[in-house]
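A quick write-up on the structure given underneath.
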Amino acid sequence: MESREIEEKWQKRWADAKTFEPDVSESRKFFLTAAFPYPNSPQHIGHARTYTTTDVYARFMRMKGYNVLFPMGFHVTGTPVLAMAKRIAEGDKEIYEIFKNIYNIPEHIISQLTTPEKLVDYFSKEIELGMREMGFSIDWRRKFYTYDKIFNKFIEWQFLKLNEKGYLKQGSHPVPWCPKDNNAVGSHDTQGDVDPNIDEYVLIKFKFGNYYLLTATFRPETIYGVTNLWVNPGVNYVRIESNGESYVVSSDAAEKLKHQMKLEVKEQIRTVDLIGKNCTNPMTGEEIPILPADFVDPKNGSGVVMSVPAHAPYDFLALRDLKGTSFESYSDRLIQVIELAGYGKYPAKEISEKMRVANQQDGKAEQATEQLYRAEAHGGKMIVGKYKGEKALIAKEKIKQDMLGEGKALLIYDIINGPIYCRCGTLCVVKRVEGQWFINYGDEGWKEQVRECLKQANIIPKKTIVEYEYTIDWLKEKACVRASGLGTPFPFDRTQIIESLSDSTIYMAFYTISHYLKDVDAEKLSPEFFDFVMLGKGDAKGLSAKTGIEERLLNSMREELLYWYPLDSRHSAGDLVHNHLTFLLFNHVAIFPRELWPKQIVTNGFVLMEGKKMSKSMGNILPLREAIKKYGTDVVRFSVVSGADLSQDADFNPTMAEGIASRMGSIAMLVERCSEFPADVNSVDRWLLSAIHKKVKLSGERYKNLELRDIAQDAFYGAVNELKWYMRRDGKNRKVLREYLEYIILLLAPFMPHFSEEMWEKLGKKEFVKDSDFVSIAEWPRHDEMKIDKVADLSEELISETREDIENIVRIRKAAPRSIYIYCASDWKRKLYSMAYKEKKFDVVMKEAMRDDRMRADPDETQRVLQQLIKNVNYLSPLVLTLRQEMEALEGAKKFLSRELNADVYIMPEEKAQEAHAKKARQATPMKPSIFFE
RNA sequence: GCGGGGGUGUCUGAGCCUGGUCAAAGGAGCAGGGCUUAGGACCCUGUGCGCUUAGGCGCUUCGUGGGUUCAAAUCCCUCCCCCCGCACCA
């Protein structure tokens, strides 16, 4: 049967049997969730990593006997789909290309996706289909979208709670902004998807007649070294009025500043009225000239620059460029402010000359600046001013604060990776939004509780704990509403929408009741309703009367929440630790009592495509549904979770996928043919059984800790290798093979559910494990310690190593033998072996050996053997076979060895060696028989 | 800058916590052989360098440079390089 048919067959059977639709029951429960997707494009193979990890885990826990709930919803909150719908409606070529070329969406469908709702609808269905095709054991009854009315009510309630606790606050906040759209811009709103970076500038006021020149700088500490100001003669300057003061800035800067402060633009200022005149340094009181320079960018900062030629290469260069002009007289003045090891008094001069920067237009000026700024920030020390002796970096902050306090400076924000343009073509600016709402994650009391919450949770992988701790420490106010987007209107200002990272922090609790609410009028879902269902406040009867929701239903919902909550395991990719997952902790702590805090968080790495990161620009995105079609569900499932350790990126490549498929084929073939095997008994049988029971023993713990890669190696690749070896060693026992297969199918079921179901069915009535209609709900097997057979393991090791040894000899001798004599070491050597293993030291062992009659009889020989053993004392194993066991093992493999080596094989104890072989035979040691060729 | 993760043989990738069994698993690639009409798939063997007509020995190697130790890919320190995150963005 084709793999597609097998997949559909079992997916249908699971659905018909409602295998994955759990309700409240007597059994112990396990509730796990994965971060729900944002449906703005079809999912690719990378998305499958988290969901498959979650599903494998869900399936394992189900087999362990838990009542497992794995629900799924869709996160549609935010602005990206808005921007996308708009672009489609406008016929934006780029976006058409992406959908057409990468995701193979037909053009007539793309052209219909002109509203956010249509986009969400189309892609969420697409994603759901993909998830169903992947065989994820999701309870789809509980699906919801974050713009559903019922969900909005839930989030509203959450924010009322946050406000009650005092965790919401208002303030001003700088955001990247499009003046035309009147909206904050995210990376998806900009041309080229650039993410705007905002940084603060200090604007320093230099008195000039009745007004001030405003210079923008990142380095206020260099104020002591200012020799002059720069204006660009080719730029328009204007006077602006704000707060009763007059400033001169470039007219571009004035436009930007409008969004951050109240101001009026007054008359133009001609540069000829500035250049050559003096102004006053507010820190030193010194009179300094205003000079011309081309490097000054009117769009950057304020369009006026303070010149610190000792420490800023551009300033030094611009001054040097004045040589030969009427301003030449100013060009030699430098004032040192910062002392820097490895540099003299004027680092900017030194570095410019060393790098041979030609002038202020030279590209190298930028490099020099960057290099010097970094060095000075790091190792620079102030040598002037109030903070003399302090590190430059510290002084910078203090001087900034001082000047702001004294009214000598202003703080503004600018986009530092600009210019960035909105998709509408307008240059983006920074806007200071007043009255912005925040969730105050900076609250120390709150943080303290979150740290406790973190401590009681099981974090996988362990090494991410520090990242959570770090995030908890640095989190401060987080803006939680936006002016536009899909989602939930903010209850304290309904013109605002709750931002997407803020409305997805406790939604897991909503899954427990979402399926009850499908037909409930959202208007009935008052705060009291959620108080009751989520927190158990109030009584069902009163609430029923008030809301009109049946009392029985209310009680069921409360019961369901208490049954499923707390969340037993939360899954996402590792990148969400810094925001979502930490927010999840914060909000659970704020809303829920301690006993409902999340118990475990698991994060995983991404998926690479043939070693490279998937990206639209590289065009190497493999859409999930395409991958399923091409390679089959179970191969895809297995690839994405077995390719790397949990926290590391897994690589997907076709070669590996083919390798997986072909190994599945080998297993399938054995399942198919198993019953044809005879019942011949062979020593390798015990080894194979030992191997499978060892696997069973190990894999339970590994599944629990999500060590999926190790299981994959052992239970899949390892199993196929073992089966191959079994055949090669002439293993032929139907029962043994069958036992192995029954167990291995169980172990593989969480990874490869469709394949495993099919094999499970093919095997028919189980003889060694507990049977069940579906392997998906079969009981997790227990190993039989009695079948873990150390002797069988050692025997097999002996056989394969002996074979290798013989091949080595053949290779070096370059001549194949007709007969091979294998001589096994006498038992007295084994006794010596265990002494050597125990004592490790030659003289100690030798002394002990001399107490043994056999060994004392031939001290030279004893010494010779012991020397050999001690040489490899670290290789010795705690247990070795006896002479008889060794003989039996090799005897059992005689046919195998004879065939593989194409020679007659004779096996005997070393004492029985014929005269001509005796010398060689004596070299036998335990687990390393001596070999003689004829 | 701050925080996190990394640098291993042709490539990929384990090992590092808990030092010795590590010339270093697995896979890919490459080479040889088997199977096959042929190719693919599959199976076997080899794959740091050198020596060795008996399973062996020697040398060099795990970003750099030091250190600790009888012994270091593994522990400590220095430096270099790469990746990711730093928020209002899903």
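Under the working numbering, the first residue of the first sequence is numbered 3, with each subsequent residue one higher. Built from N, CA and C at the ideal position, the CB exists for glycine as well.
K209 and Y226 have their C-alpha atoms spaced approximately 16 Å apart. Put simply, the backbone Cα of N874 is about 30 Å away from that of K697. Inter-residue distance for I129 and G188 is about 24 Å (C-alpha atoms, whole angstroms).
For G365 and E703, the gap between their C-alpha atoms comes out near 59 Å. In the three-state reduction of the DSSP assignment, Q869 falls in the helix class. Taking the C-beta atoms as reference points, I909 is found nearer than 8 Å to I824. Here the stretch 537-546 does not lie against the stretch 498-517, with fewer than 3 beta-carbon pairs under 8 Å apart. Between the stretch 373-386 and the stretch 179-188 there are fewer than three C-beta pairs closer than 8 Å, too few to call the two in contact. Its chain contains T116 as the residues whose beta carbon lies nearer than 6 Å to that of A91, once the 5 sequence neighbours on both sides are disregarded; these appear in chain order. Burial of M133 is indicated by the presence of at least 16 other C-beta atoms within 10 angstroms of its C-beta. Taking the C-beta atoms as reference points, E158 is found nearer than 8 Å to P493. Within the same chain, K734, N735, R736 and L739 come within 7 Å of F679 by CB-CB distance, once the 5 residues on both sides are set aside. Under the three-state reduction of DSSP output, H77 falls in the coil class, being neither helix nor strand.
Each of N245, T224 and T217 was checked against the Cα of E341, and the nearest Cα belongs to T224. Under the Cβ criterion (8 Å, minimum of three pairs), the stretch 451-469 counts as touching the stretch 580-591.
A residue is called buried when at least 16 other Cβ atoms come within 10 angstroms of its Cβ; A592 meets this threshold and is buried. If you look at I694, you'll find it in the alpha helix (DSSP H) that goes S685 to K706. Counting along the chain, the unbroken alpha helix (DSSP H) around S797 starts and ends at K792 to R815. Shown here, V846 sits in a helix according to DSSP, grouped into three states. Shown here for T657: not one same chain residue has a beta carbon closer than 7 Å to its own, the five before and five after excluded. E479 and N442 do touch by the CB rule: their CB atoms are close to 5 Å apart, below 8 Å. With fewer than 16 other Cβ atoms inside 10 Å of its own Cβ, V274 counts as exposed. In the three-state reduction of the DSSP assignment, D860 falls in the coil class.
Three or more beta-carbon pairs separated by less than 8 Å are not found between the stretch 333-348 and the stretch 356-364, which leaves the two stretches without contact.
Contact holds between the stretch 746-762 and the stretch 5-13, because three or more Cβ pairs, one in each stretch, are under 8 Å apart.
If one requires a minimum length of 3 residues, the beta strand (DSSP E) runs lying completely within the stretch 262-318 are 266-271, 280-282, 289-294 and 306-309, in chain order. Distance check between R688 and each of I801, I152, T884 and D795 places D795 closest, using alpha-carbon atoms only.
Here DSSP, grouped into helix, strand and coil, assigns E936 to coil.
In the displayed model, W830 falls within a helix according to three-state DSSP. If the five residues before and after I790 are omitted, its C-beta is found closer than 6 Å to the C-beta atoms of S692, H695 and K696, all from its own chain and listed in chain order. In the pairwise beta carbon analysis, the stretch 39-57 is classified as touching the stretch 643-660: at least three pairs are separated by under 8 Å. Within the same chain, S43, I107 and I112 come within 8 Å of F101 by CB-CB distance, once the 5 residues on both sides are set aside.
In this structure Q45 is buried. Its beta-carbon is surrounded by 16 or more other beta-carbon atoms within 10 angstroms. Between I242 and the set L626, D712, A256 and Q865, the nearest pair of CA atoms involves A256. Contact annotation: L765 and L743 have beta-carbon atoms nearer than 8 Å.
Secondary structure of N723 (DSSP, three-state): helix.
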